[in-house]
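Let me begin by presenting the structure, written as structure tokens, before commenting on it.
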């Protein structure tokens, strides 16, 4: 078996950023990506980013993806990219099993960076598996990547930033957003996003959730219900909304399965989305030379995923005895950047989560 | 249904791709995944749950949940949400059968 220097699993914001730094340091890099395109969730994010210049603030996600991909162009002889390839197995001897084109094969690596990201959570209610009920990110993919409409009249569940942004993007695409439901008493995401929806006439209904969906082959309508202070249904407050699509935006779970398979030490942290790997401040897991970065280490924003990726790339190179020429300076720069991103009221949950995970920030 | 006008993105008409779904001739466009092309054709029911045979469409669109698995060109359990559509593809609803070997 040919041994690769560094294999990166996942070509989203974290994986691509890790690749760039590791290539700069002189490593050969193999990137394995499940989807036909590189960029991960950035490829469907038409909104402009917040943050600072280093994290491409004021640039749209779709354009950040193009920047990250083009940055790898200088290293054509050092980089190998496998697309439409899924890593289905990871083992303690640094071997990965890959499924591509209906074939399985194995690759061995000296170092591995897991940047698999996250998947959307589902919400429990009767008939929640009817076609027409989608993750909000799935709808964003359908619209912004393929130009296909999810439906004509849609209800969104969840008022976090994804729920708010995707609702707005549905309106941009010509969909009627009939309502946005939020189980909590207050809106979860940035008020600047919510205000846009309110101006466009979308009712944001708090303390309310979906109780039941109706439809034979596909979704036809939903029943909503009010929630009390203990998140219990209030009988008699049921109401119906006709819709042909329902978007669920109730959070994300880290895609930890490969790490778990290699018996890497994990910890459950609710604030960070679920099961995440234990890691040191260099983003190295309990398995030496195996790093994790981006949403798989806890749900945050693409901005922090990119910085985490850079740290993982930097450390993977140093760990193999190939330190980046500006290692010291970059380490400080990236770690400071991360700390800045996590400051302020929006970073509270992340700071609490990291503390529970035993990581100082 | 396709997006007609968009303030940020432009979707120019791409090359047509012909494929079949359960024997019916359909048209998609270059760059589509199988799931996106089916949805554009108004088809949302891709597979069935194994025990209760409930209809399933796609859910995550990132190749994770398995809800959109279909039989494509004779290969079962193809994740249609991340598989590009190709000319002449034969797409079948996933059969709700489980075969235990051995």
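Protein chains in written order, with the working numbering: chain G, 484 to 844; chain X, 16 to 117. Even for Gly, the Cβ is constructed at its ideal location relative to N, Cα and C.
Listed in chain order, which residues of the segment 77-91 of chain X have Cβ atoms closer than 8 Å to some Cβ of chain G?
Those residues of the segment 77-91 of chain X that come within reach of chain G (Cβ to Cβ, closer than 8 Å) are 77, 78, 79, 80, 82, 90.
Meets three-Cβ-pair contact criterion under 8 Å: the segment 608-618 of chain G and the segment 698-718 of chain G
Flag = yes, the segment 608-618 of chain G and the segment 698-718 of chain G touch.
Please classify residue 588/G as buried or exposed, where buried requires at least 16 neighbouring CB atoms within 10 angstroms.
Numbered from its first residue, the first chain carries residue 588/G at position 105. Exposed is the call here.
Span of the beta strand (DSSP E) holding residue 737/G?
For the purposes of this step, residue 737/G is taken as the residue at position 254 of the first chain. Where residue 737/G is concerned, the enclosing beta strand (DSSP E) stretches over 735-737.
CB contact below 8 Å: residue 701/G versus chain X:
On the first chain, position 218 is the one that residue 701/G refers to. Yes, because at least one Cβ of chain X sits closer than 8 Å to the Cβ of residue 701/G.
Which residues in chain X have a C-beta closer than 9 Å to the C-beta of residue 827/G? List them in chain order.
The residue you call residue 827/G lines up with position 344 of the first chain. In chain order: nothing, as chain X lies at least about 28 Å away.
Distance, Cα to Cα, residue 86/X vs residue 56/X?
Here residue 86/X refers to the residue found at position 71 of the second chain. Here residue 56/X refers to the residue found at position 41 of the second chain. In a straight line, the C-alpha of residue 86/X is about 18 Å away from that of residue 56/X.
List the residues of chain G that residue 21/X touches, going by C-beta distances under 7 Å, in chain order.
Against the second chain, residue 21/X aligns to sequence position 6. For residue 21/X, the neighbours in chain G by C-beta distance under 7 Å run, in chain order, 655, 656.
Beta carbon of residue 563/G, beta carbon of residue 526/G: below 8 Å?
If you number the first chain from 1, residue 563/G lands on position 80. If you number the first chain from 1, residue 526/G lands on position 43. Contact: no.
Residue span of the alpha helix (DSSP H) that contains residue 813/G, given as start and end
On the first chain, residue 813/G is found 330 positions in, with the first residue counted as 1. Counting along the chain, the alpha helix (DSSP H) containing residue 813/G begins and ends at 810-824.
Rounded C-alpha distance that separates residue 75/X from residue 597/G:
On the second chain, position 60 is the one that residue 75/X refers to. On the first chain, position 114 is the one that residue 597/G refers to. Residue 75/X and residue 597/G: Cα-Cα distance of roughly 20 Å.
Using the beta-carbon of each residue, which ones in chain G are nearer than 7 Å to residue 18/X?
Within the second chain, numbered from 1, the residue matching residue 18/X stands at position 3. Within chain G, 626, 630, 632, 656, 657 have C-beta atoms less than 7 Å from the C-beta of residue 18/X, given in sequence order.
With 16 as the cutoff for other CB atoms within 10 Å, does residue 682/G come out buried or exposed?
The count along the first chain starts at 1 and reaches residue 682/G at position 199. Result: exposed.
Starting from residue 97/X, find everything on chain G with Cβ-Cβ shorter than 8 Å and list it in chain order.
As a working mapping, residue 97/X is identified with position 82 in the second chain. Chain-order list of chain G residues neighbouring residue 97/X: 517, 518, 519, 567, by C-beta distance under 8 Å.
Beta-carbon separation (whole angstroms), residue 495/G vs residue 781/G, contact threshold 8 Å:
The residue you call residue 495/G lines up with position 12 of the first chain. The residue you call residue 781/G lines up with position 298 of the first chain. Contact flag wrong, Cβ pair sits at about 15 Å.
Could you tell me which chain X residues have their CB closer than 9 Å to the CB of residue 602/G, listed as they occur along the chain?
One-based indexing of the first chain puts residue 602/G at position 119. Under the 9 Å cutoff, chain X gives 75, 77, 79, 80.
Contact set for residue 805/G: own chain, Cβ-Cβ below 7 Å, skip 5 residues either direction
To locate residue 805/G, count along the first chain from 1; it is residue 322. Sequence-distant partners of residue 805/G (beyond 5 residues in either direction) whose C-beta falls short of 7 Å from its own C-beta, in its chain, are 508, 509, 510.
Per DSSP, residue 774/G is paired with what?
Here residue 774/G refers to the residue found at position 291 when the first chain is read from its first residue. DSSP output for residue 774/G lists 596/G, 767/G as bridge partner(s).
Starting from residue 802/G, follow the alpha helix (DSSP H) in both directions and report where the run begins and ends.
Position 319 of the first chain, counted from the start, is the residue given in the question as residue 802/G. Counting along the chain, the alpha helix (DSSP H) containing residue 802/G begins and ends at 785-802.
Of the residues 485/G, 521/G, 484/G, the one placed nearest residue 492/G, counting alpha carbons only:
In the first chain, residue 492/G corresponds to position 9, counting from 1. Here the closest residue by C-alpha is 521/G.
Start and end of the alpha helix (DSSP H) containing residue 487/G?
Here residue 487/G refers to the residue found at position 4 when the first chain is read from its first residue. From DSSP, residue 487/G is part of no alpha helix (DSSP H) but of the beta strand (DSSP E) over 486-492.
When the Cα of residue 61/X is compared with those of 81/X, 16/X, 102/X, which residue comes out closest?
The residue labelled residue 61/X in the question sits at position 46 within the second chain. The shortest CA-to-CA distance from residue 61/X to any of 81/X, 16/X, 102/X is the one to 81/X.
Chain X within 8 Å of residue 598/G, Cβ atoms only
One-based indexing of the first chain puts residue 598/G at position 115. Taking Cβ atoms only, chain X never reaches closer than 8 Å to residue 598/G, which makes this a no.
Against residue 103/X, what residues of chain G qualify as contacts under a CB-to-CB distance less than 8 Å, listed in chain order?
By one-based count along the second chain, residue 103/X stands at place 88. For residue 103/X, no chain G residue has a Cβ inside 8 Å of its Cβ, as the nearest lies near 17 Å away.
To the nearest angstrom, report how far apart residue 541/G and residue 72/X are at their CA atoms.
In the first chain, counting from the first residue as 1, residue 541/G sits at position 58. In the second chain, counting from the first residue as 1, residue 72/X sits at position 57. The alpha-carbon atoms of residue 541/G and residue 72/X are separated by roughly 35 Å.
Report the neighbours of residue 26/X on chain G: residues whose CB is nearer than 8 Å to its CB, in chain order.
Against the second chain, residue 26/X aligns to sequence position 11. Within 8 Å Cβ-Cβ: 630.
Contacts of residue 64/X in chain G (Cβ-Cβ under 8 Å)
If you number the second chain from 1, residue 64/X lands on position 49. Neighbours of residue 64/X on chain G, chain order: 612.
Tell me, to the nearest whole angstrom, how far the beta carbon of residue 103/X is from that of residue 33/X; I am working on the premise that it is less than 8 Å.
For the purposes of this step, residue 103/X is identified with residue 88 of the second chain, where counting begins at 1. For the purposes of this step, residue 33/X is identified with residue 18 of the second chain, where counting begins at 1. For residue 103/X against residue 33/X, the beta-carbon gap comes to about 7 Å, under 8 Å, which counts as contact.
First and last residue of the alpha helix (DSSP H) that includes residue 16/X?
On the second chain, residue 16/X is found 1 positions in, with the first residue counted as 1. Per DSSP, residue 16/X lies in no alpha helix (DSSP H) segment and is marked neither H nor E.
Fully enclosed by the segment 646-728 of chain G, which beta strand (DSSP E) runs are 3 residues long or longer?
Counting only runs of 3 or more, we get 659-664, 691-697, 704-709, 722-725.
For the alpha helix (DSSP H) holding residue 54/X, just list the boundary residues, first then last.
For this step, residue 54/X is matched to residue 39 along the second chain. Note, residue 54/X: alpha helix (DSSP H), 49-55.
Host beta strand (DSSP E) of residue 762/G (start-end):
Taking the first residue of the first chain as position 1, residue 762/G is located at position 279. For residue 762/G, no beta strand (DSSP E) segment is defined, and its DSSP state is neither H nor E.
Check whether the segment 657-671 of chain G touches the segment 624-639 of chain G, counting contact only when three or more Cβ pairs, one atom from each stretch, lie closer than 8 Å.
Yes, the segment 657-671 of chain G touches the segment 624-639 of chain G.
For my contact list, residue 515/G and residue 595/G are in at a C-beta cut-off of 8 Å; report their separation, rounded to the angstrom.
Stepping through the first chain from its first residue, residue 515/G is reached at position 32. Stepping through the first chain from its first residue, residue 595/G is reached at position 112. About 10 Å separates the two Cβ atoms, so there is no contact after all.
Minimum Cβ-Cβ distance from residue 35/X to chain G less than 8 Å
Your numbering for residue 35/X matches position 20 in the second chain. At a cut-off of 8 Å, the C-beta of residue 35/X has no neighbouring C-beta in chain G.
Report, in whole angstroms, the separation of the C-beta atoms of residue 839/G and residue 754/G, which I expect to be a contact under 8 Å.
Translated into positions along the first chain, residue 839/G becomes position 356. Translated into positions along the first chain, residue 754/G becomes position 271. Contact holds; Cβ gap of about 7 Å.
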